Every structure is written in structure tokens, then in C-alpha cells.
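Protein chains: 2
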Amino acid sequence: MYELFFREFNKKIALTPEEQDLIKKYLTPKKLRKKQYLLQEGDVCKFVAFVEKGALRQYSLDESGNERIIQFALEGWTISDLYSFLTGETATYHIDALEDSELVLISKSAHEELLQKVAKYETYTRLKITGAYIAMQKRLTSIISSSLEERYSSFITLYPDIVQRVPQHMIASYMGLQPETLSRIRRRISSR
Amino acid sequence: MYELFFREFNKKIALTPEEQDLIKKYLTPKKLRKKQYLLQEGDVCKFVAFVEKGALRQYSLDESGNERIIQFALEGWTISDLYSFLTGETATYHIDALEDSELVLISKSAHEELLQKVAKYETYTRLKITGAYIAMQKRLTSIISSSLEERYSSFITLYPDIVQRVPQHMIASYMGLQPETLSRIRRRISSR
DNA sequence: AAAAAACGTTGACTTTGGTCAACGCTTTTG
DNA sequence: CAAAAGCGTTGACCAAAGTCAACGTTTTTT
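Top to bottom, those sequences are chains P and Y. Per my numbering, the first sequence starts with residue 1, numbered consecutively. Per my numbering, the second sequence starts with residue 1, numbered consecutively.
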């Protein structure tokens, strides 16, 4: 239990067995069936979720009610509505499961106590968010400066596992496109 | 000297005078004239820069050589090519000054020593990057789910100071648009 | 096993943003 | 102070993405 979580943690900073045991006390396992919600827009986000197994997505609804996916999370990724989690404001995103999934939850109070009691937890958190920031900045850069063909091509080389496991229209949504448009981009790419 | 820097720092976590003096030893002031580079693509980014006064921009060049602005930084903001700074890889962004500016620089070695010696510096860093992450996620969400009119309208309410101080074609670049397109969007908005 | 839902593709047409050129105005430079 | 560069706007035209409808296939549900 929590194997992947601690494997990832130790990749960022090595923990002693004692620290690991202490941290374990603050973790809650949770299973989610495909299509179940972890978070719905309007609720307050009560936890950060680490994906041990499965796949989730985070999305908002535009004014026409279309789903706009802003993040996927496969094994080893962390997902949450950070703004809602940290401020206690109501969430602006939905999070649901794309496959049956196993999560490790960290509640707000657990998060706060861990920050106080385990210095390495703060470091872990800092490194994790820094990595997420850098990745998102790259995504943003490619959105404002690359062609759709390039964006899709780098997506499939960067996230081949997502391409395998997630329906194409969701990848279109992630790219801010209509499914038909992504289909045509794929044709253009393959006919070269 | 460093007034704004410490004002912002203390907003996130309060420092004792001693801590403040200690941190000061690791800071380097730097003045930059309008149009001067702080960082050029291909160099390694050697520092994180806090803006005491002035305005900067971070951008990359697309394949046609157009500037694509991914971030502005006014007083109180921090700017850097984080990926290059942290990994030592060569930078993919340019950073230059839009106005004569005064910066506070933190070098790589200063950053690392501060993380070790001053626990609150790690907290400051974590909070700062978390805020930047949340802001960027909101920007990304609006890019993939809002109309251009909405995006520009929220930009001017969110960053009225940038609208005042930065030429319009740079705001277009920040939004991933041509200057002509932004000009037309403005006309559409004002004619309502 | 049958019915329903979800998915990806294609075609025809519309809407939107990009491109190129021109112009007037303001700011910067020499 | 004069010349040059930078800036924002507009018009005409072009290219790209969105929309709507239809279809065959696959997956899920019952």
C-alpha cells in the first residue's frame, strides 16, 4: 500500500523508515470507479489526490456546457483543485475517474500538520509544484507559439500513455479543439 | 534597498530582523536599462530576479522569428527561466526590460544556501511558486474555454497596470494573437 | 445477445483569425 | 529639430478552425 506514492517521494528526497511511517498516518486510501467524481464544481476541494493506479481528468465547463479538460493524471501524478484546496473557496473544476482508480488522499489538516512536522514534506511539496509549474509553462508556450500539428506531435511523444488510454476527443478538449479538428490534424500528419 | 522584496516576503511569512539581515547577504541588486537583456536564449539562467521597480517580459521566438510573450513582470513579481535555473540547461526564453528597472537577484548558489540555512526561505519559495502555478492554471483555463472578448476583458480587469504600461501589440503576443486581431477585438468590445 | 451509447471520420458550409498593405500619429534617435 | 522607428487601426482577401449532419464501428449496458 502506498508503494508508488513513497517511490515518487523518495525520488525527490529520501525518507528514513521512521519518517515514512509517520507520513503514512496522514494518508487515506480511496478507490474510485470509472466515471465517479472526486470533486464537483461548487464543492470545496478537501484533498490532494495522488494516483496509485488508474486515470483521472480535471475539467471545467464553458458557457455552452462543453467540457474543457485542463489536466490528466495517470499513475504517479497528483491532482487537485489547488486554489479551492488552499483557500477553502468553492471549486471551479470537476475531477472524475476515466478508469477504475486507486488514490492516496491528503486532507487539508493532514497537509498542514505534515508541513509542520516533517520538513521533508515541505521540500517534497515544493519540488512537486515546481515541476508542475515548469511543465505547465512549456504547455502554455507551445499553445501560443506552435502550430497544431506540432502541438499534437509533441503531445504524443510526451504522453504516449495518455494517447493509449484516453479517448481522442478528450485529447482534443485538452488542446482546446473540437474533435473533428483533431481528427483532421491526425490525417494531415499521417499523410506526410 | 530591497524594501519591496522584504515587504512581499513578510506578507507570505514574517521574518525576524536577524533572519532578514541574513537573507540580505545573499541578495544582489541590479539595474537594467530599457531594452537590455537579463537573459538570452541559449545562455544558462543564473538567477531568479525580483522586480523592485520597472517592467520586464519573458518571451520565446517561434519558427518565423516572432516574439511570443509568456510572462510580464512588474513591481513585486519574480521572473526567471526556472527550468534553466534549476537544471543548468540552456535557456529557451529571453528576458528583457520594457522600462528602466531595478531588480533583486538571487543566484543559484545563494538560492541553495538559503534553502539550507533559512527554513522560511523554503516556505517563501513554496508559497510563491504555488501562487504562480494557480495563476497560470487560470490563464490556461481561460485560453481553452473562453472567447477572445472574455479573455481580453478579464485581462484588463486583472492587470490594469500592464495595460497602462505595456504596448498593445505585446499584450496581443501574450494572448497568442496578431496585433490586428486584438485591435479588432477592442473595437468589438467598445461598440457594445 | 440485442439495444444503446460512445467514438472517430468525413463532407459541406460558416465563422473567425491571419496576412498584407496602407495610413496617420506618437515616440525615439541622431 | 528632422528623420526614423514604433505603434495602433482599417480594409481586402485568404487560410484555418468551428458547426452541423451523416455514417460505420466499437464499446457498454441491459
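All C-beta atoms in this analysis are idealised placements derived from N, C-alpha and C, irrespective of residue type, glycine included. If you're wondering where the values come from, they're calculated on a predicted model, not measured in any experiment.
*Min CB distance residue 133 of chain P to chain Y below 8 angstroms*: Along the first sequence, one-based indexing puts residue 133 of chain P at 133. At least one chain Y Cβ lies under 8 angstroms of residue 133 of chain P.
*What runs of the alpha helix (DSSP H), each 4 residues or longer, lie entirely inside the stretch 105-151 of chain P?*
108-117, 119-145
*For residue 102 of chain Y, which residues does DSSP report across the bridge?*
Taking the first residue of the second sequence as position 1, residue 102 of chain Y is located at position 102. DSSP output for residue 102 of chain Y lists Y:31, Y:53 as bridge partner(s).
*When DSSP labels each residue in this structure, what does residue 190 of chain Y get in the three-state scheme?*
For the purposes of this step, residue 190 of chain Y is taken as the residue at position 190 of the second sequence. If DSSP states are grouped into helix, strand and coil, residue 190 of chain Y belongs with the helices.
*Closer than 7 angstroms at the beta carbon, the chain P residues around residue 43 of chain Y*: The residue given as residue 43 of chain Y occupies position 43 in the second sequence. Simply none; closest approach about 18 angstroms.
*The beta strand (DSSP E) spanning residue 69 of chain Y covers which residue range?*
Within the second sequence, the letter at position 69 stands for residue 69 of chain Y. 67-73 is the span of the beta strand (DSSP E), which, as asked, contains residue 69 of chain Y.
_Strictly under 8 angstroms for the Cβ-Cβ distance: is residue 99 of chain P near chain Y by that measure?_
The residue labelled residue 99 of chain P in the question sits at position 99 within the first sequence. It does not: the Cβ of residue 99 of chain P has no partner Cβ on chain Y nearer than 8 angstroms.
*Nonlocal neighbours in the same chain, by C-beta distance under 7 angstroms from residue 74 of chain P, ignoring five residues either side*: Locating residue 74 of chain P in the first sequence gives position 74, counting from the first residue. The residues are 51, 55, 161, 162.
*asked:* Does chain P have any CB closer than 8 angstroms to the CB of residue 144 of chain Y?
replied: Here residue 144 of chain Y is taken as the residue at index 144 of the second sequence, counted from 1. Residue 144 of chain Y counts as touching chain P.
_Coarse secondary structure for residue 181 of chain P, derived from DSSP in three states_ = Locating residue 181 of chain P in the first sequence gives position 181, where the first residue counts as 1. Helix.
*Which residues, taken in chain order from the stretch 111-135 of chain P, show a beta carbon closer than 9 angstroms to some beta carbon of chain Y?*
Here the close residues are 115, 119, 122, 123, 125, 126, 129, 130, 132, 133, 134.
*With distances taken Cα to Cα, identify the nearest neighbour of residue 185 of chain Y among Y:152, Y:165, Y:166, Y:98.*
Start at 1 with the first residue of the second sequence, and residue 185 of chain Y comes out as number 185. Measuring from the Cα of residue 185 of chain Y, the nearest candidate turns out to be Y:152.
*Can you name the residues that DSSP bridges to residue 97 of chain P?*
To locate residue 97 of chain P, count along the first sequence from 1; it is residue 97. In DSSP, residue 97 of chain P forms a bridge with P:56.
_Could you compute how far the alpha carbon of residue 81 of chain Y sits from the alpha carbon of residue 42 of chain Y?_
Numbered from 1 along the second sequence, position 81 holds the residue referred to as residue 81 of chain Y. Numbered from 1 along the second sequence, position 42 holds the residue referred to as residue 42 of chain Y. For residue 81 of chain Y and residue 42 of chain Y, the distance between alpha carbons rounds to 11 angstroms.
*Does DSSP put residue 90 of chain Y in a helix, a strand or coil?*
Taking the first residue of the second sequence as 1, we reach residue 90 of chain Y at position 90. If DSSP states are grouped into helix, strand and coil, residue 90 of chain Y belongs with the strands.
*Name, going along the chain, the residues of the stretch 54-80 of chain Y whose beta-carbon falls closer than 7 angstroms to a beta-carbon of chain P.*
60, 62, 68, 70
*With a threshold of 16 other CB atoms inside 10 Å of the CB of residue 21 of chain P, please say whether the residue is buried or exposed.*
For the purposes of this step, residue 21 of chain P is taken as the residue at position 21 of the first sequence. Exposed is the call here.
*Could you tell me the distance, in whole angstroms, from the CA atom of residue 141 of chain P to the CA atom of residue 70 of chain Y?*
Counting from one through the first sequence, the residue named residue 141 of chain P turns up at place 141. Counting from one through the second sequence, the residue named residue 70 of chain Y turns up at place 70. Those two C-alpha atoms are separated by around 7 angstroms.
*Quick one: does residue 90 of chain Y have its CB under 8 angstroms from some CB of chain P?*
Position 90 of the second sequence holds residue 90 of chain Y. Chain P, which has no Cβ nearer than 8 angstroms to the Cβ of residue 90 of chain Y, makes this no.
*Are the Cβ atoms of residue 145 of chain Y and residue 57 of chain P separated by less than 8 angstroms?*
As a working mapping, residue 145 of chain Y is identified with position 145 in the second sequence. As a working mapping, residue 57 of chain P is identified with position 57 in the first sequence. At a Cβ-Cβ threshold of 8 angstroms, residue 145 of chain Y and residue 57 of chain P do not count as neighbours.
*Between residue 211 of chain P and chain Y, is there a C-beta pair that is closer than 8 angstroms?*
In the structure as shown, chain P starts at 1 and stops at 192, and residue 211 of chain P therefore has no counterpart that could be examined.
*Looking at C-alpha atoms only, which residue of Y:139, Y:167, Y:86, Y:115 is the closest neighbour of residue 155 of chain Y?*
On the second sequence, position 155 is the one that residue 155 of chain Y refers to. Closest option to residue 155 of chain Y, Cα to Cα, is Y:139.
*For residue 14 of chain Y, count neighbouring C-beta atoms within 10 Å of its own C-beta (all shown protein chains included) and say buried if the count is 16 or more, exposed if not.*
As a first step, residue 14 of chain Y must be located in the second sequence, where it is residue number 14. Exposed.
*Out of P:128, P:187, P:93, point me to the one whose CA is closest to residue 5 of chain P's CA.*
As a first step, residue 5 of chain P is located in the first sequence; it is residue number 5 there, counting from the start. Selected option, being the one with the closest Cα: P:128.
*Please classify residue 158 of chain P: does DSSP put it in a helix, a strand, or coil?*
The residue labelled residue 158 of chain P in the question sits at position 158 within the first sequence. Three-state DSSP puts residue 158 of chain P in a helix.
_Beta-bridge pairing of residue 38 of chain Y - partner residues as DSSP gives them_ = Along the second sequence, read from residue 1 onward, the residue named residue 38 of chain Y stands at position 38. Per DSSP, none; premise fails for residue 38 of chain Y.
*Using a Cβ cut-off of 9 angstroms, pull out every chain P residue sitting near residue 83 of chain Y, in sequence order please.*
The count along the second sequence starts at 1 and reaches residue 83 of chain Y at position 83. Within chain P, the residues near residue 83 of chain Y are 134, 137, 138.
*Closer than 8 angstroms to chain Y by CB, residue 141 of chain P*: Here residue 141 of chain P corresponds to residue number 141 of the first sequence, with the count starting at 1. Cβ-Cβ to chain Y under 8 angstroms: yes for residue 141 of chain P.
_Let me make sure I understand the geometry here. Which of Y:85, Y:159, Y:148 has the alpha-carbon closest to that of residue 179 of chain Y?_
Locating residue 179 of chain Y in the second sequence gives position 179, counting from the first residue. Taking residue 179 of chain Y as reference, the option from Y:85, Y:159, Y:148 with the minimal CA-CA separation is Y:148.
_Residue of Y:78, Y:113, Y:27 minimising C-alpha distance to residue 8 of chain Y_ = In the second sequence, the residue the question calls residue 8 of chain Y occupies position 8. Comparing Cα positions, the closest option is Y:78.
*Please go through the same chain and pick out, in chain order, the residues whose beta-carbon is closer than 8 angstroms to the beta-carbon of residue 2 of chain P, but skip the five residues on each side of it.*
Residue mapping note: residue 2 of chain P aligns to position 2 of the first sequence, counting from 1. So the list reads 24, 27, 29, 52, 104, once near-sequence residues are dropped.
*Who does residue 79 of chain Y pair with in a DSSP beta bridge?*
Counting from one through the second sequence, the residue named residue 79 of chain Y turns up at place 79. Partner(s): Y:49.
*In the DSSP assignment, what residue or residues form a beta bridge with residue 21 of chain Y?*
By 1-based counting over the second sequence, the position of residue 21 of chain Y is 21. None; residue 21 of chain Y has no bridge partner.
_The alpha helix (DSSP H) that contains residue 173 of chain Y, what's its start and end?_
Position 173 of the second sequence holds residue 173 of chain Y. Note, residue 173 of chain Y: alpha helix (DSSP H), 168-175.
_For residue 122 of chain P, which residues in the same chain have their Cβ closer than 6 angstroms to its Cβ, ignoring the five residues on either side in sequence?_
As a position in the first sequence, residue 122 of chain P is number 122, starting the count at 1. Only 115 meet the Cβ criterion.
*With DSSP as the reference, please indicate the residues paired to residue 44 of chain P in a beta bridge.*
On the first sequence, position 44 is the one that residue 44 of chain P refers to. Bridge partners of residue 44 of chain P: P:90.
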